[in-house]
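J.: Note that the protein sequences, when read in sequence, are chains W and H. Mapping the first sequence onto this note's numbering, position 107 (from 1) lands on 146, and the numbers just tick up by one. Mapping the second sequence onto this note's numbering, position 51 (from 1) lands on 255, and the numbers just tick up by one. Note that CB positions come from ideal geometry on N, CA and C, so glycine has one too. Nothing here was measured: the structure is a model prediction, and the numbers come from that model. Questions regarding the structure given below will be posed in turn.
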Amino acid sequence: GAVVSQHPSRVICKSGTSVKIECRSLDFQATTMFWYRQFPKKSLMLMATSNEGSKATYEQGVEKDKFLINHASLTLSTLTVTSAHPEDSSFYICSASGARATNEKLFFGSGTQLSVL
Amino acid sequence: SQKIEQNSEALNIQEGKTATLTCNYTNYSPAYLQWYRQDPGRGPVFLLLIRENEKEKRKERLKVTFDTTLKQSLFHITASQPADSATYLCALASSASKIIFGSGTRLSIRP
Chain W
40 GAVVSQHPSR VICKSGTSVK IECRSLDFQA TTMFWYRQFP KKSLMLMATS
90 NEGSKATYEQ GVEKDKFLIN HASLTLSTLT VTSAHPEDSS FYICSASGAR
140 ATNEKLFFGS GTQLSVL
Chain H
205 SQKIEQNSEA LNIQEGKTAT LTCNYTNYSP AYLQWYRQDP GRGPVFLLLI
255 RENEKEKRKE RLKVTFDTTL KQSLFHITAS QPADSATYLC ALASSASKII
305 FGSGTRLSIR P
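In structure tokens:
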């Protein structure tokens with residue numbers, strides 16, 4: 040099956056710094072990737088849809104200047120949390136729809152636990 | 205408004221029994237519904253997909269039903285094992301380009 044690699048798995052940073060999270064499709068090309076945020080014991084909240092070569096589509100209530108998404112190649116999407124604050128602490132997960140580019144089966148990265156001090 | 209509800213936040217059952225998880229939705233007309241498993245600190249893993257014109261789908265010890273009249277899907281794990289303990293998420297395709305997830309049910313199988 041398709042493999043999605045997410046890095047780093049855990050990051051601790053000081054308030055005000057920016058953090059970049061990478062999501063790579065290892066054995067397929069992903070024209071679309073999704074970024075989710077998850078709070079403890081809660082479900083995944085879709086933040087944005089990342090499209091290769093074009094601007095990301097953000098969900099309502101998600102600040103695009105706060106959460107910068109870049110999908111510069113068919114195998115890499117990045118999420119940068121700019122000027123992070125403690126309320127940005129969360130579990131961030133990316134997903135891709137696989138080589139067939141259908142959302143009938145999503146492949147997820149292993150997630151990034153962000154802790155902002 | 206559109207809603208996906210997984211009725212039980214947590215479910216605790218005895219090993220060997222059948223676990224049944226429920227997913228209800230309102231104000232959606234999904235083309236398909238998916239079930240995922242998520243372990244703590246990990247990303248979800250795809251388990252099964254069932255389409256709107258399918259009543260039931262099976263995969264090994266897993267069975268999923270889909271009732272578009274009731275707007276409900278049931279997810280069964282037969283002969284449950286402690287290794288089945290995890291959070292199970294249902295998900296709907298709300299449009300051609302995005303998947304929306306339910307809040308999940310934490311399943312615990314006690315030996």
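Among residues of its own chain, excluding the 5 on either side of Glu-258(H), which ones have a beta-carbon nearer than 7 Å to its beta-carbon?
T.: Residue mapping note: residue 258(H) aligns to position 54 of the second sequence, counting from 1. Once the five neighbours on either side are set aside, the close Cβ partners of Glu-258(H) are Phe-270.
J.: Where Ile-281(H) and Glu-256(H) are concerned, what is the direct C-alpha to C-alpha distance, given to the nearest angstrom?
T.: Locating residue 281(H) in the second sequence gives position 77, where the first residue counts as 1. Locating residue 256(H) in the second sequence gives position 52, where the first residue counts as 1. Those two C-alpha atoms are separated by around 21 Å.
J.: Do you know how far the Cα of Asn-109(W) is from the Cα of Thr-119(W)?
T.: To locate residue 119(W), count along the first sequence from 1; it is residue 80. To locate residue 109(W), count along the first sequence from 1; it is residue 70. Rounded to whole angstroms, Thr-119(W) to Asn-109(W) spans 8 Å at the Cα level.
J.: Does the distance from the C-beta atom of Val-43(W) to that of Cys-133(W) stay below 8 Å?
T.: Start at 1 with the first residue of the first sequence, and residue 43(W) comes out as number 4. Start at 1 with the first residue of the first sequence, and residue 133(W) comes out as number 94. Contact flag set, yes.
J.: Would you say Asn-10(W) reaches chain H, if we count a Cβ-Cβ gap shorter than 8 Å as a contact?
T.: Outside the displayed span of chain W (40 to 156) sits residue 10(W), for which this structure offers no information.
J.: Around the Cβ of Gly-247(H), are there at least 16 other Cβ atoms within 10 angstroms (buried) or fewer (exposed)?
T.: Position 43 of the second sequence, counted from the start, is the residue given in the question as residue 247(H). Buried, by the Cβ-count rule.
J.: Given 8 Å as the limit, is there contact between the stretch 259 to 267 of chain H and the stretch 208 to 220 of chain H, that is, 3 or more CB pairs closer than that?
T.: Touching, no.
J.: Within 8 Å of any Cβ in chain W, is that where the Cβ of Ala-297(H) sits?
T.: On the second sequence, residue 297(H) is found 93 positions in, with the first residue counted as 1. Chain W contact via Cβ: present.
J.: Using the Cα positions of Asp-243(H) and Tyr-292(H), report the straight-line distance between them to the nearest angstrom.
T.: Looking up residue 243(H) in the second sequence gives position 39. Looking up residue 292(H) in the second sequence gives position 88. Distance between the alpha carbons of Asp-243(H) and Tyr-292(H): 9 Å.
J.: Val-120(W): beta carbon under 7 Å from a heavy atom of the ligand GTP?
T.: Among the ligands in the structure shown, none appear at all, so the ligand GTP cannot be discussed.
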